[in-house]
Amino acid sequence: MTLLRPPDRLARIEIYFRNTQMIQVLHRAVNILEYIAQAQGPGLGEIAAATQLHLATAARILKTLMAAGYVEQVAPKKGYILGPMAYALAAGSGYRQDLVILAEPIMRQLSRALKQPVILVVLRQGRRFILSQINVGEMMAASAGPQLPTNPYQSATGRLLLAYETERKKILERLPLPGSAWPEVATRRQLRLALAHIRTAGLAVRFTGETAGIACPIWGTKSVPAALGTFLPESQFKAQRRQNILRQMRQASKAIGLLIRKGRPLKEGAKPVSNLNHKPV
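According to my numbering, the sequence shown is numbered sequentially starting from 1.
As structure tokens, this is what we get:
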């Protein structure tokens, strides 16, 4: 049997403790996630007490989970809820059901009117998540969500949500420049100007050479919690049809925003967007 030299023994001990600490942190993170999942938007102090953690330790773990998208804070100094990655990981459909329930009836009307898919999108930690997608078809099927995150620069909805993001400056500091995802934007200054242009226009349009993506903001009380989007062949997004699509997109996003501010869903059979009809646009 070969005896370990003192430095070797110390190295083994260090690796053992490092691994033990990592496992301990994982256990603590899982405990926090499980508690948040069953509680009603608990605050930091409540989470720390329930998981028997020091306040600073719980805060550090929560910060890491938020950065990864597994937890999000309802508002500064408010409670915590599960983030989109917690649901996407399990292919769940429960994330931000409050928004989905309010938006989907109007999304269905819009999809019928445009004869195109319609999506409901949010931005979390600089990543874009599709909460719901209404697909064109006889049954007007809604896809399960949220889907795994994508680069916000690669879509009209992602760019629009970045433009309206209240913590835009912090997020842009973390994100690299768009590169090929947004060829017209090569510098930080160009990025700021492009996002400012989206806010001025009140919508975002992205062309790929084959498809056109359109996004409109859904206004809550003081911010834009989500975006409404659609996409179609570029050849169909021209002249009068273009104007009709933009008008109906704006009407639908305003109607969803009104429901969000009121905090109640659309009543069955109601038609909040009078100009959304079943005629081709």
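Note that beta-carbon positions come from the ideal geometry of N, C-alpha and C, so glycine has one too.
- Fully enclosed beta strand (DSSP E) runs of no fewer than 3 residues occupy 204-207, 211-218 and 226-233 of the segment 196-253, in order along the chain.
- At a Cβ-Cβ threshold of 8 Å, Ser253 and Pro225 do not count as neighbours.
- DSSP, read as helix, strand or coil, puts Tyr80 in strand.
- Counting C-beta pairs closer than 8 Å gives fewer than three between the segment 195-205 and the segment 115-135, which falls short of the contact rule.
- When secondary structure is reduced to three states using DSSP, Gln73 falls in the strand class.
- Looking at the DSSP output, Arg189 bridges to nothing.
- Your pair Leu99 and Leu123 does not check out as a contact, with CB atoms roughly 13 Å apart and the cut at 8 Å.
- Residue state for Gln133 is assigned as strand, using DSSP reduced to three classes.
- When C-alpha distances from Phe231 are compared across Arg189, Pro178, Gln133 and Ile47, the shortest belongs to Gln133.
- Ranked by Cα distance from Arg192, the options Ser180, Ser235, Lys170 and Leu110 are led by Lys170.
- If you ignore the 5 residues before and after Gln154, its C-beta comes within less than 7 Å of the C-beta of Ala181, all in its own chain and listed in chain order.
- Taking 8 Å as the cut-off, the beta carbon of Ile81 is found no closer than this to the beta carbon of Ile47.
- The closest CA to that of Thr208, considering only Arg199, Ala194 and Pro233, is found on Pro233.
- Cβ atoms of Gly43 and Val121 stay farther apart than 8 Å, at about 28 Å.
- For Leu33, the CB contacts under 8 Å within the same chain, skipping 5 residues up- and downstream, are Leu65, Tyr70, Val71, Leu82 and Ala86 in chain order.
- In the three-state DSSP reduction, Thr51 falls in the coil class, being neither helix nor strand.
- Take Ala50, set aside five residues on each side of it, and the residues of its chain with a beta-carbon closer than 6 Å to its own are Tyr35, in chain order.
- At a Cβ-Cβ threshold of 8 Å, Val185 and Ala196 do not count as neighbours.
- Inclusion of Pro105 and Val136 in the CB contact set at 8 Å is not warranted, their separation being larger than that value.
- Short of 7 Å from the beta carbon of Ile198, and not among the five residues preceding or following it, lie these beta carbons of its own chain, in chain order: Arg159, Leu160, Ala163 and Ala204.
- The three-state reading of DSSP puts Thr166 in coil, since its state is none of H, G, I, E or B.
- If you check the CB distance, Ala215 and Thr157 come in under 8 Å.
- Taking a C-beta distance under 8 Å as the contact criterion, Ile245 and Ala103 do not qualify as a contact pair.
- Arg96 counts as buried, since no fewer than 16 other beta carbons sit within 10 angstroms of its beta carbon.
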